[in-house]
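To start, the structure itself, in structure tokens.
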Amino acid sequence: MIQLLSILLQPSFLVLVVTAFCVWYYLKHRNLPPGPRGLPLLGYGPYLGPSPQDALYDLRKQYGNIFSMYLGPNLTIVLNDYKAIKAAYIDQADIFSGRADGFIRTHASAGSDGEIHGIATLEGELWKISRRFMLQTFRNLGMGKNRIQEQILEEADYMRDLFAKSTGTPFYPRPIISAIVANVICVLCYGRRFDHNDPIFREIINDNVTIADTFAQAGPMQSYPILRFLPGKFLTTWRKYKVAWNRTIGFCGKEIETHKKNLQQNEEDADYIDAFLNQQKKVSASGSEIEQKAFQHEDLLFNVRALFGAGTETTTASMSWAFLYMMHYPDVQKKIHAEMDENVGRDRLITVDDRVKLPYTEAVVREIQRLGNVAPFGVLRCNLEETTLLGYRIPKRSFILPNFLAVNMDPKLWDNPESFQPERFLDKHGKVTEPPYFMPFSIGKRACVGEALARMEIFLFFANILQKFRLEAPKDYKLPGINQKIVRISSEPVPFKIQVCVRD
Ligand code: HEM
Numbered sequence: 021m022i023q024l025l026s027i028l029l030q031p032s033f034l035v036l037v038v039t040a041f042c043v044w045y046y047l048k049h050r051n052l053p054p055g056p057r058g059l060p061l062l063g064y065g066p067y068l069g070p071s072p073q074d075a076l077y078d079l080r081k082q083y084g085n086i087f088s089m090y091l092g093p094n095l096t097i098v099l100n101d102y103k104a105i106k107a108a109y110i111d112q113a114d115i116f117s118g119r120a121d122g123f124i125r126t127h128a129s130a131g132s133d134g135e136i137h138g139i140a141t142l143e144g145e146l147w148k149i150s151r152r153f154m155l156q157t158f159r160n161l162g163m164g165k166n167r168i169q170e171q172i173l174e175e176a177d178y179m180r181d182l183f184a185k186s187t188g189t190p191f192y193p194r195p196i197i198s199a200i201v202a203n204v205i206c207v208l209c210y211g212r213r214f215d216h217n218d219p220i221f222r223e224i225i226n227d228n229v230t231i232a233d234t235f236a237q238a239g240p241m242q243s244y245p246i247l248r249f250l251p252g253k254f255l256t257t258w259r260k261y262k263v264a265w266n267r268t269i270g271f272c273g274k275e276i277e278t279h280k281k282n283l284q285q286n287e288e289d290a291d292y293i294d295a296f297l298n299q300q301k302k303v304s305a306s307g308s309e310i311e312q313k314a315f316q317h318e319d320l321l322f323n324v325r326a327l328f329g330a331g332t333e334t335t336t337a338s339m340s341w342a343f344l345y346m347m348h349y350p351d352v353q354k355k356i357h358a359e360m361d362e363n364v365g366r367d368r369l370i371t372v373d374d375r376v377k378l379p380y381t382e383a384v385v386r387e388i389q390r391l392g393n394v395a396p397f398g399v400l401r402c403n404l405e406e407t408t409l410l411g412y413r414i415p416k417r418s419f420i421l422p423n424f425l426a427v428n429m430d431p432k433l434w435d436n437p438e439s440f441q442p443e444r445f446l447d448k449h450g451k452v453t454e455p456p457y458f459m460p461f462s463i464g465k466r467a468c469v470g471e472a473l474a475r476m477e478i479f480l481f482f483a484n485i486l487q488k489f490r491l492e493a494p495k496d497y498k499l500p501g502i503n504q505k506i507v508r509i510s511s512e513p514v515p516f517k518i519q520v521c522v523r524d
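Laid out in structure tokens, this is it:
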């Protein structure tokens with residue numbers, strides 16, 4: 021022991037250790053994008069404050085459009101303008117198609133076999149098979165076509181009835197919006213809608229908010245799971261999450277079991293669960309090993325959960341922004357009303373075929389999406405292998421964080437980006453135009469899988485409400501500003517009341 025100590029304390033040994041550390045440090049950090057220093061173990065996270073997207077945007081002045089920082093122990097590359105996001109997500113689409121690791125994320129997709137399942141977290145070939153099948157199924161189910169439109173219009177009509185009942189009395193619209201949006205996903209996955217007052221339905225909607233809250237608040241717990249056992253904020257968050265998660269997964273599991281007993285093989289009547297179960301049977305009889313692996317029970321379970329999670333909060337937030345903006349901009353509302361009256365009328369519901377007749381309404385929706393910036397960082401990605409991006413080395417499995425606010429507010433891309441100007445989405449002939457840097461659903465191979473559905477929902481809900489109502493700020497009520505927001509995974513306005521008047 022004494023002999024060992026004397027070797028360790030030899031100056032030559034200490035020099036060797038220090039040199040080895042310097043070489044290791046140099047190799048680890050060589051040619052990384054520059055960036056701010058953070059705290060030991062915690063990294064730069066504690067400095068980001070309540071509005072991280074703004075803090076990151078400000079760092080652009082110092083470090084440019086790509087920089088690195090540590091979030092906990094994880095090297096994170098911030099893509100802070102369109103050029104940087106495009107260089108990663110389009111020009112090196114396959115390499116940047118991974119999902120960042122994290123304790124809660126992994127917990128939310130770990131099967132009983134200890135492996136990752138489900139489209140939102142899978143990578144490589146399994147993710148490709150899962151995604152291809154989901155997109156194909158959505159097409160078969162009529163996404164962007166009549167079948168799903170009928171369901172959305174049914175919900176839109178229901179929302180109009182609920183709004184009409186409240187005419188003259190101010191109310192919080194979020195519970196109605198979240199229920200109609202959730203019902204669209206329920207029809208897609210389970211083949212049925214729920215009564216808005218059904219306690220189980222309301223419970224899964226609330227659980228979804230709790231789960232989103234956990235993802236937002238988990239922060240250091242993603243890297244240091246042990247924190248969930250310490251009394252205090254993390255333990256409370258973890259407990260709430262577990263209750264919400266188990267209940268949600270239990271609900272999805274029950275729906276799957278019911279479908280197994282009454283499987284629809286006919287494409288016309290099938291929903292996503294039926295389609296998956298049919299495919300599962302097919303691949304278990306004659307599919308390759310990897311196909312069989314992609315269609316396991318837990319892939320279905322987590323996909324159904326992911327569709328609900330990803331498809332309700334984001335669309336609810338978008339609709340909430342839309343209503344709030346209309347109350348702040350009555351003149352824009354007037355122009356929409358005039359466009360509708362002139363080109364569609366009021367005696368039938370507005371459908372997707374009317375989009376071409378309502379370019380101004382379409383432009384307003386896009387401008388709300390740009391300023392609402394509902395998914396400020398998308399869903400964190402990672403690079404599957406080491407690569408070079410804009411001249412910098414990006415080590416394998418770095419966290420990749422696109423700051424979409426930086427794109428939406430870039431004065432080089434948008435004239436006067438802070439101002440609400442729907443006309444920026446119209447060309448000189450008055451037709452809708454969308455620049456490639458308009459990316460509310462992200463871009464590249466891993467962009468939002470529900471984009472077509474979300475676009476359809478937002479347009480149909482928004483247009484059909486405005487066709488019938490004028491939205492007004494209640495009298496003697498201080499309407500929250502459009503800069504007041506709550507950021508979970510998605511960013512939405514703080515709760516606000518609305519007053520609707522049937523148009524005369
Ligand atoms: C306004 C509404 C929506 C917005 C703003 C939105 C935005 C996004 C964004 C930014 C991503 C991350 C993409 C990336 O990694 O680059 C994403 C992923 C995803 N979204 Fe959406 N989304 C919306 C609605 C929906 C709907 C309605 C569904 C379901 C039908 C859905 C399902 C998904 C899924 C499953 C993923 C993960 C895809 C993958 O990992 O391959 N989203 N979404």
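Adding 20 to a residue's 1-based position in the sequence shown gives its number in my numbering.
We treat Cβ as the ideally placed atom computed from N, Cα and C, and that holds for glycine.
Buried or exposed for P515, please, with buried defined as at least 16 other CB atoms from any protein chain shown within 10 angstroms of its CB. exposed
Under 6 Å, CB to nearest heavy atom of the ligand HEM: contacting residues: I139, A140, R151, A326, L327, A330, G331, T334, T335, S338, V394, A395, G398, V399, R401, P460, F461, S462, R466, A467, C468, V469, G470, L473, A474
Please report the Cβ distance between Y292 and C209, rounded to the nearest whole angstrom; I am assuming they are in contact, meaning their Cβ atoms lie under 8 Å. 5 Å
Could you check whether F183 and F481 sit closer than 9 Å to each other, using their CB atoms as the reference points? no
Which two residues bound the contiguous alpha helix (DSSP H) that contains R466? Careful: R466 lies outside any alpha helix (DSSP H) and carries neither H nor E.
List the DSSP bridge partners of M89. T96
Any idea what DSSP makes of G84, helix, strand or coil? coil
Which residues share a DSSP beta bridge with S6? Outside the displayed span of the chain (21 to 524) sits residue 6, for which this structure offers no information.
Can you list, in chain order, the residues of its chain whose CB lies under 6 Å from that of F397, leaving out five sequence neighbours each side? L421
Roughly how many angstroms separate the alpha carbons of R50 and L404, rounded to a whole number? 19 Å
So is I197 buried or exposed if we call it buried at 16+ other beta carbons inside 10 Å? buried
Are the CB atoms of F445 and A395 within a distance shorter than 9 Å? no
Could you check whether the segment 104-116 touches the segment 285-300, counting it as contact only if at least three pairs of C-beta atoms, one from each stretch, sit closer than 8 Å? no
Which residues does DSSP list as the beta-bridge partners of Y412? L409
Boundaries (first-last residue) of the beta strand (DSSP E) holding E492: 489-492
Identity of the residue in D78, D496, S439, V98 nearest K517 by Cα: D496
Evaluate contact between the segment 57-77 and the segment 403-419, counting only Cβ atoms and requiring at least three cross-stretch pairs below 8 Å. no
Whole angstroms are fine: how far does the CA of N323 sit from the CA of Y261? 18 Å
Could you give the distance in angstroms between the alpha-carbon of D524 and the alpha-carbon of T371? 22 Å
Three CB pairs or more closer than 8 Å across the segment 235-246 and the segment 119-126: yes
Please classify T187 as buried or exposed, where buried requires at least 16 neighbouring CB atoms within 10 angstroms. exposed
If you draw a straight line from the C-alpha of Y64 to the C-alpha of G92, how long is it? 8 Å
Look at R508 and D227 and say whether their C-beta atoms are less than 9 Å apart. no
Note down, in chain order, each residue of its chain lying with its Cβ closer than 7 Å to the Cβ of A176, except the 5 sequence neighbours on either side. L369, L480, F481, N484
Rank M339, K148, N266 by C-alpha distance to the C-alpha of T325 and give the top, closest one. The residue you asked about is not Thr; residue 325 is Arg in the sequence shown. It is N266.
Helix or strand or just coil, what does DSSP make of G63? strand
Find out if the Cβ-Cβ distance for the pair I388, W341 is shorter than 9 Å. yes
Using DSSP's beta-bridge definition, name the partner residues of V43. Answer by DSSP bridge pairing: none, since V43 is not bridged.
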